[in-house]
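Student: Going by this note's numbering, the sequence shown opens with residue 103, and the numbers climb by one from there. Sharing a structure with you now.
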Amino acid sequence: VINKGLQNHEAFLVQLSPGATADDFIGAFAPDAPPGPPPGMGLGGFQAIAGKGEGSFKHDFAPGNYAFICFVPEATSGVPHFALGMIEEFTVQ
Numbered sequence: 103v104i105n106k107g108l109q110n111h112e113a114f115l116v117q118l119s120p121g122a123t124a125d126d127f128i129g130a131f132a133p134d135a136p137p138g139p140p141p142g143m144g145l146g147g148f149q150a151i152a153g154k155g156e157g158s159f160k161h162d163f164a165p166g167n168y169a170f171i172c173f174v175p176e177a178t179s180g181v182p183h184f185a186l187g188m189i190e191e192f193t194v195q
């Protein structure tokens, strides 16, 4: 993983439940979300990579839907990066 930007970023890996999206997973943590577990499972990934930093991690992917999500807040506004579009969903077949 290479962070080409100047701000910290993360690549939090989530295996999404069948039919769920990354937005559904994130929405499960909203203050008005219904009780219960989120529609997916966090699998680790890379936390808070400094600007211009890099590293690696390994994961053995089973078939299914996944997402990388950045929960780090934007430096000036405090808005979480996922709210600015830093989400990438993908499928492993």
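C-beta atoms are modelled at their ideal positions from N, C-alpha and C, and glycine is treated no differently.
Can you tell me whether DSSP reads Ala122 as helix, strand or coil?
Tutor: Looking at Ala122 - three-state DSSP - the assignment turns out to be coil, as it is neither helix nor strand.
Student: How far does the beta strand (DSSP E) with Met143 in it reach, from first residue to last?
Tutor: Counting along the chain, the beta strand (DSSP E) containing Met143 begins and ends at 142–151.
Student: Count the other CB atoms within 10 Å of the CB of Glu156; is the residue buried (16 or more) or exposed (fewer)?
Tutor: Exposed: under 16 other Cβ atoms inside 10 Å.
Student: Are the CB atoms of Leu115 and Gly138 nearer to each other than 7 Å?
Tutor: Not closer than 7 Å, so no.
Student: According to DSSP, is Leu115 helix, strand or coil?
Tutor: Reduced to three states, the DSSP call for Leu115 is strand.
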